[in-house]
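In what follows, a structure is listed as structure tokens, so that the remarks can point back to it.
In my numbering, the protein residues as written are 172 to 509.
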């Protein structure tokens, strides 16, 4: 019975030593000062204290508050636990980086910062998650996102990306995820860790996937054709704003030409491709292929005719159920310089 108890405690001791040297390697040399006793209860109590001490070393290693070296030496007088005197050591390196790497620093020494950005390209079953990351001098980092349908339980994890410091500490990364449920709110945050293995987290944001229904009875997109700027003899800038309201995935474009009737007729079409252009008479160009929400747009017109009046408008093509629709702003004009 005595040997069974002693051996059980020793197995626990060896297991904890294995955790120290495998889970948290850093040139660890294992550890206990010489102890001599013939009393069974005293020996067991002593070994239990040793195990508790080593467990504390493990927790300290997790927090980054650790020593590079711990040592052990056990000697049981009279009856041997492990055949007499036992010593041991283990020299290993942090996984993936190695102790010879000059960039390896104490756990938590890189103050990596993450700024989770709003989700983009939201559809009924997929979305693109984005974040900015400040590497704080770390040579590299691993980044990914956690997400789920509960703010308190982000149980899903995206693939990971390797982020290399190219000289500018501030970088960004994005990951597209799919197989989502339609018309459901998801919560997400960015996660990253550097060579020290210490994870940093961005703030938690949310998005709601599109409703996979055939019709949208919400507010129609709103288009505001605004002003013009920097008009010269052959070039000019025009601008405006589009608010998709309850619709998504809008195609935004400008139309301009020499005749206001031609521009107005073009706005009566159903799609961008339906608008027929004619060189110098009526032209069009896309400024956004996938608008969700509200955004300002600027367009540069070039190869214009000097001292000539041009008419222009801003439009958005969108899908309402199984129909394509076009919404345009008012038609405005300017004259080029002579």
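Backbone N, C-alpha and C define an ideal beta-carbon position, used for all residues, glycine too.
Fair warning: this is a prediction, and the values are worked out from it, not measured in the lab.
What are the boundary residues of the alpha helix (DSSP H) that residue 362 is part of? Within the chain shown, residue 362 is the residue found at index 191, counting from 1. Residue range 356-364 is occupied by the beta strand (DSSP E) that includes residue 362, with no alpha helix (DSSP H) assigned at that position.
According to DSSP, is residue 423 part of a helix, a strand, or is it coil? Position 252 of the chain shown, counted from the first residue, corresponds to residue 423. If DSSP states are grouped into helix, strand and coil, residue 423 belongs with the strands.
In terms of residue numbering, what span does the beta strand (DSSP E) encompassing residue 290 cover? Taking the first residue of the chain shown as 1, we reach residue 290 at position 119. Start and end: 284-291.
Ignore the nearest five residues each way along the sequence and tell me which others in residue 437's own chain have a CB closer than 6 Å to its CB. Locating residue 437 in the chain shown gives position 266, counting from the first residue. So the list reads 426 and 446, once near-sequence residues are dropped.
I need the DSSP call for residue 498, collapsed to helix, strand or coil. Along the chain shown, one-based indexing puts residue 498 at 327. Three-state DSSP puts residue 498 in a strand.
Out of 376, 468 and 283, state which residue places its alpha-carbon closest to the alpha-carbon of residue 412. Counting from 1 along the chain shown, the entry for residue 412 is found at position 241. Closest option to residue 412, Cα to Cα, is 468.
Report the three-state DSSP secondary structure of residue 490 (helix, strand or coil). Numbered from its first residue, the chain shown carries residue 490 at position 319. Strand, per DSSP.
Find the nearest neighbour of residue 307 within the set 364, 300, 348 and 291, judged by alpha-carbon distance. As a working note, residue 307 is residue 136 in the chain shown. Comparing Cα-Cα distances from residue 307 to each of 364, 300, 348 and 291, the minimum goes to 364.
Quick check: what's the CA-CA separation for residue 401 versus residue 408? Here residue 401 is taken as the residue at index 230 of the chain shown, counted from 1. Here residue 408 is taken as the residue at index 237 of the chain shown, counted from 1. Going by the C-alpha atoms only, they are around 6 Å apart.
Do you know offhand how far residue 596's Cα is from residue 455's? Residue coverage of the chain in this structure runs from 172 to 509, which leaves residue 596 outside it and unanswerable.
Kindly indicate which residue of 362, 323, 309 and 355 has the alpha-carbon position closest to the one of residue 329. Taking the chain shown and counting its residues from 1, the one referred to as residue 329 is at position 158. Measuring from the Cα of residue 329, the nearest candidate turns out to be 362.
Grab the span of the alpha helix (DSSP H) containing residue 437 for me, first residue to last. In the chain shown, counting from the first residue as 1, residue 437 sits at position 266. Run containing residue 437: 431-437, per the alpha helix (DSSP H) assignment.
Less than 7 Å between the beta carbons of residue 285 and residue 373, yes or no? Position 114 of the chain shown, counting from 1, holds the residue named residue 285. Position 202 of the chain shown, counting from 1, holds the residue named residue 373. Taking 7 Å as the Cβ cut-off, residue 285 and residue 373 qualify as a contacting pair.
Presumed contact (8 Å Cβ cut-off) between residue 481 and residue 475, rounded CB distance: Residue mapping note: residue 481 aligns to position 310 of the chain shown, counting from 1. Residue mapping note: residue 475 aligns to position 304 of the chain shown, counting from 1. That belief holds up - the Cβ atoms of residue 481 and residue 475 are roughly 7 Å apart, short of 8 Å.
Assign residue 306 to one of three DSSP states: helix, strand, or coil. Your numbering for residue 306 matches position 135 in the chain shown. In the structure shown, residue 306 sits in coil (DSSP, three-state: anything other than H, G, I, E or B).
Compute the beta-carbon to beta-carbon distance between residue 283 and residue 304, rounded to the nearest angstrom, for a pair I have assumed lies under 8 Å. What you label residue 283 is simply residue 112 of the chain shown in a count that begins at 1. What you label residue 304 is simply residue 133 of the chain shown in a count that begins at 1. The beta carbons of residue 283 and residue 304 sit about 7 Å from each other, so the pair counts as a contact at 8 Å.
So, are the CB atoms of residue 488 and residue 442 less than 7 Å apart? The residue labelled residue 488 in the question sits at position 317 within the chain shown. The residue labelled residue 442 in the question sits at position 271 within the chain shown. Cβ atoms of residue 488 and residue 442: closer than 7 Å.
Pairing CB atoms from the region 289-303 with CB atoms from the region 348-355, are three or more of them under 8 Å? yes
Where residue 337 falls, given that 16 or more other Cβ within 10 Å makes a residue buried: Residue 337 sits at position 166 when you count from the first residue of the chain shown. It counts as exposed.
Compute the Euclidean distance between the alpha carbons of residue 266 and residue 381, then round it to the nearest angstrom. Numbered from its first residue, the chain shown carries residue 266 at position 95. Numbered from its first residue, the chain shown carries residue 381 at position 210. In this predicted model, residue 266 has a pLDDT of only 34, less than 50, meaning its place in the structure is not dependable; the value taken from the coordinates is given anyway. Rounded to the nearest angstrom, the two C-alpha atoms are 42 Å apart.
Determine the direct distance from the alpha carbon of residue 471 to that of residue 410, and round the result to whole angstroms. Locating residue 410 in the chain shown gives position 239, counting from the first residue. Locating residue 471 in the chain shown gives position 300, counting from the first residue. Approximately 9 Å, taken between the alpha carbons.
Residue 422, buried or exposed, once every other Cβ within 10 Å from all chains shown has been counted against 16: Indexing the chain shown from 1 puts residue 422 at position 251. Looking at its Cβ environment, which holds 16 or more other Cβ atoms inside 10 Å, residue 422 is buried.
Quick check: what's the CA-CA separation for residue 277 versus residue 339? Numbered from its first residue, the chain shown carries residue 277 at position 106. Numbered from its first residue, the chain shown carries residue 339 at position 168. Per-residue confidence for residue 277 stands at a pLDDT of 46, beneath the threshold of 50, marking its modelled position as unreliable; the derived number appears in the next sentence. For residue 277 and residue 339, the distance between alpha carbons rounds to 22 Å.
Start-to-end residues for the beta strand (DSSP E) that takes in residue 470: Position 299 of the chain shown, counted from the start, is the residue given in the question as residue 470. Per DSSP, residue 470 belongs to the beta strand (DSSP E) from 465-472.
For the beta strand (DSSP E) containing residue 351, name the first residue and the last one. Position 180 of the chain shown holds residue 351. Element bounds for residue 351: n/a, residue is neither H nor E.
Roughly how many angstroms separate the alpha carbons of residue 343 and residue 309, rounded to a whole number? By one-based count along the chain shown, residue 343 stands at place 172. By one-based count along the chain shown, residue 309 stands at place 138. Rounded to the nearest angstrom, the two C-alpha atoms are 14 Å apart.
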